[in-house]
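Q:
There are 2 protein chains.
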Amino acid sequence: MYSGAQISLYPMADDFVGIILGSIRALDRYRDTLRIETDDLSTLLVGPPEQLFPAMRDLFVAAARSGRHCVLSACVSRGCPGEPDDPRCAPSTDIGAEGPLDVRIVAAQEVVNAAPATGITVAAQFSHYPLSHGQYMDEIYGVIDFLKSSGVFDRPKNFCTRLAGDAGPVFATLEQAFLRFGAPPEGHVTLDVTVSANSPSRR
Amino acid sequence: MYSGAQISLYPMADDFVGIILGSIRALDRYRDTLRIETDDLSTLLVGPPEQLFPAMRDLFVAAARSGRHCVLSACVSRGCPGEPDDPRCAPSTDIGAEGPLDVRIVAAQEVVNAAPATGITVAAQFSHYPLSHGQYMDEIYGVIDFLKSSGVFDRPKNFCTRLAGDAGPVFATLEQAFLRFGAPPEGHVTLDVTVSANSPSRR
């Protein structure tokens, strides 16, 4: 299995380099478990699927604490058949991707309910792509049922779903959608994620 | 059929609002054919699939001419079974999504070769998701063969492919990957796209 993300942090500020360099230190605690590589377009995270969203949350919360309008954009993937197997990516626990949809929805809700608050309010939208699942729209509708009960559901949009709330439960909701839905543990799922803080625009 | 995109423009500048408002005028010429709606996270474009990339190119080129580091992030979709049929989205011509892969690759190359230059150099990366195609990895490998002959191929990355060059052929390459590959004309294809200009970072 291979799992990881291409993530980009966009501070809308003249000092975007300073904000990025300051907040990227929040990834230091993950460097033992995640491979982290940066170029001019994105930072690659490779490692266990359950580590990806905590790392993204900590990075984004650090950037948002600058008070500037910041956006995190991420392409998150597990099980892509075009990527090599990597022992680094083995989940440390059962990610919960098997079993009936209603059981997975309840388990996902419990994780979100237990997510600690960060004090940073965010808006997010994401698309969920279950690539290797024959009944992929059933899985997408299952994700939507979970989202509606997550406590951070805001509204459906074309091509994606909008979330709003504290970064803690919002990132936990994204994580649970990624881990538990769309494919069995070795199947192929990707997410296209946008998270925003401190926007001056009307919702 | 339904086709469209959720697009976001990120100018890394204190005057991000001014740059966005200035460049969004580039979309005015598309308002007759595209439905355009903005909230705090993204701008929705809905309309014929062959109109989406010219609109994104013109918006991004206008923003990049500010000289500031700017990024366009887009989730582009056609044929999503969860969206309603919309006559506005009917392609004005055959989008070329049928026929053998090698024929589609040659046709896509011809469009890219004819794309006018804009004078704006960009780097881009994107993921291609053929959601409703049983042999979806064959389609992805077909897209990769096309990209390698596009003249703007830079290198493969994990989970995506990197392009570099003038915004004209780069957006034409993204468009051809979207229109011709991944699904028959009514099938479901999405792209997760990032385009960057004026970055101070090392590639």
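Taken in sequence, the protein lines are chains A and B.
Number 70 in full-length UniProt numbering belongs to position 70 of the first sequence; there are no gaps in the numbering.
Number 192 in full-length UniProt numbering belongs to position 192 of the second sequence; there are no gaps in the numbering.
All C-beta atoms in this analysis are idealised placements derived from N, C-alpha and C, irrespective of residue type, glycine included.
Along the chain, where does the beta strand (DSSP E) containing Ser-23 of chain B start, and where does it finish?
A: Unbroken run through Ser-23 of chain B is the alpha helix (DSSP H), 16-23; no beta strand (DSSP E).
Q: At a CB-CB cut-off below 9 Å, which residues of chain A make contact with Leu-163 of chain B?
A: Correct list: empty, because the minimum Cβ distance to chain A is about 10 Å.
Q: Which of the three DSSP states is assigned to Thr-93 of chain A in this structure?
A: It is coil, neither helix nor strand.
Q: Is it the case that the Cβ atoms of Thr-173 of chain A and Leu-147 of chain A are separated by a distance below 8 Å?
A: Against a cut-off of 8 Å, the Cβ pair of Leu-147 of chain A and Thr-173 of chain A comes out as a contact.
Q: Taking a cut of 8 Å between CB atoms, which residues from the stretch 151-175 of chain B lie near chain A?
A: The residues in question are Lys-157, Asn-158, Phe-159, Cys-160, Arg-162.
Q: Decide if Asn-113 of chain B is buried, meaning its Cβ has at least 16 other Cβ atoms within 10 Å, or exposed.
A: So Asn-113 of chain B counts as exposed.
Q: Report yes or no: do three or more beta-carbon pairs, one from the stretch 54-69 of chain B and one from the stretch 93-100 of chain B, lie closer than 8 Å?
A: In short, these stretches do not touch, since the Cβ pair count stays below three.
Q: How many angstroms separate the CA atom of Gly-182 of chain A from the CA atom of Lys-157 of chain A?
A: Roughly 20 Å between the two C-alpha positions.
Q: Hey, is Val-122 of chain B's beta-carbon within less than 8 Å of any beta-carbon in chain A?
A: Judged by the 8 Å Cβ criterion, Val-122 of chain B is not in contact with chain A.
Q: Please name the residue, chosen from B:Ser-201, B:Val-189, B:Asp-102, that lies closest to Lys-49 of chain B on a Cα-to-Cα basis.
A: A small fix is needed here, since residue 49 of chain B is Pro in this sequence, not Lys. Nearest of B:Ser-201, B:Val-189, B:Asp-102 to Pro-49 of chain B, Cα basis: B:Val-189.
Q: Just list the residues that DSSP pairs His-128 of chain B with in beta bridges.
A: Paired residue(s): B:Leu-191.
Q: For chain B, find out if any of its Cβ atoms is closer than 8 Å to the Cβ of Tyr-129 of chain A; answer yes or no.
A: For Tyr-129 of chain A, the answer is yes, since a Cβ of chain B falls inside 8 Å of its Cβ.
Q: List, in order along the chain, the chain A residues whose C-beta lies closer than 9 Å to that of Glu-83 of chain B?
A: In chain order: Asn-158, Phe-159.
Q: So what's Glu-83 of chain A in DSSP terms, helix, strand or just coil?
A: Glu-83 of chain A falls in the coil class under three-state DSSP.
Q: How should Ser-196 of chain B be labelled, buried or exposed, when 16 other C-beta atoms within 10 angstroms of its C-beta is the threshold for buried?
A: Looking at its Cβ environment, which holds 16 or more other Cβ atoms inside 10 Å, Ser-196 of chain B is buried.
Q: Spell out a yes or no on whether the stretch 70-80 of chain B and the stretch 4-13 of chain B are touching, meaning 3 or more CB-CB pairs, one atom from each, closer than 8 Å.
A: Touching, per the Cβ criterion.
Q: What does Asp-102 of chain A pair with, by DSSP beta-bridge criteria?
A: None; Asp-102 of chain A has no bridge partner.
Q: Am I right that His-128 of chain B and Ala-177 of chain B are in contact with their C-beta atoms under 8 Å? What's the rounded C-beta distance?
A: The pair is a contact, with the Cβ atoms about 6 Å apart (cut-off 8 Å).
Q: Using the Cβ count rule (16 or more neighbours within 10 Å means buried), how would you classify Glu-37 of chain B?
A: By the 10 Å Cβ count, Glu-37 of chain B comes out exposed.
Q: Report the residue ranges of all beta strand (DSSP E) runs contained in full by the stretch 24-67 of chain B; include only those spanning at least 3 residues, in chain order.
A: Correct list: 35-38, 43-46.
Q: Using the Cα positions of Leu-44 of chain A and Pro-100 of chain A, report the straight-line distance between them to the nearest angstrom.
A: Rounded to the nearest angstrom, the two C-alpha atoms are 32 Å apart.
Q: Based on DSSP bridge pairs, tell me the residues matched to Val-111 of chain A.
A: None, per the DSSP bridge assignment.
Q: Verify whether the separation of the beta carbon atoms of Thr-118 of chain B and Asp-154 of chain B is less than 8 Å.
A: Going by C-beta atoms, Thr-118 of chain B is not nearer than 8 Å to Asp-154 of chain B.
Q: Quick check on Ala-172 of chain B: does DSSP put it in helix, strand or coil?
A: Note: Ala-172 of chain B maps to helix in three-state DSSP.
Q: Please report the straight-line C-alpha distance between Ile-20 of chain B and Thr-194 of chain A, rounded to a whole angstrom.
A: Rounded to the nearest angstrom, the two C-alpha atoms are 18 Å apart.
Q: Under three-state DSSP, which class holds Ile-7 of chain A?
A: Residue state, collapsed to three classes: strand.
Q: According to DSSP, simplified to helix, strand and coil, what is Ala-183 of chain B?
A: Here Ala-183 of chain B sits in coil by DSSP.
Q: In chain B, which residues lie with their C-beta within 8 Å of the C-beta of Arg-202 of chain A?
A: Those are Asp-39, Asp-40, listed as they occur along chain B.
Q: What first and last residue would you give for the alpha helix (DSSP H) that runs through Val-143 of chain B?
A: Run containing Val-143 of chain B: 136-148, per the alpha helix (DSSP H) assignment.
Q: So, is Asp-32 of chain B buried or exposed, given that buried needs 16 or more other C-beta atoms within 10 angstroms?
A: Exposed, since its Cβ has fewer than 16 Cβ neighbours within 10 Å.
Q: Ordered along the chain, which non-local residues of its own chain (more than five positions away) have a Cβ less than 6 Å from that of Val-46 of chain B?
A: Excluding sequence neighbours, Val-46 of chain B sits near Gly-4, Arg-35.
Q: Do you know offhand how far Ser-149 of chain A's Cα is from Arg-57 of chain A's?
A: Between Ser-149 of chain A and Arg-57 of chain A, the C-alpha separation is close to 21 Å.
Q: So the candidates are A:Glu-186, A:Asp-39, A:Gly-151, A:Phe-171; which of them puts its Cα closest to the Cα of Asp-86 of chain A?
A: Looking at the Cα atoms, A:Glu-186 is the closest of the given residues.
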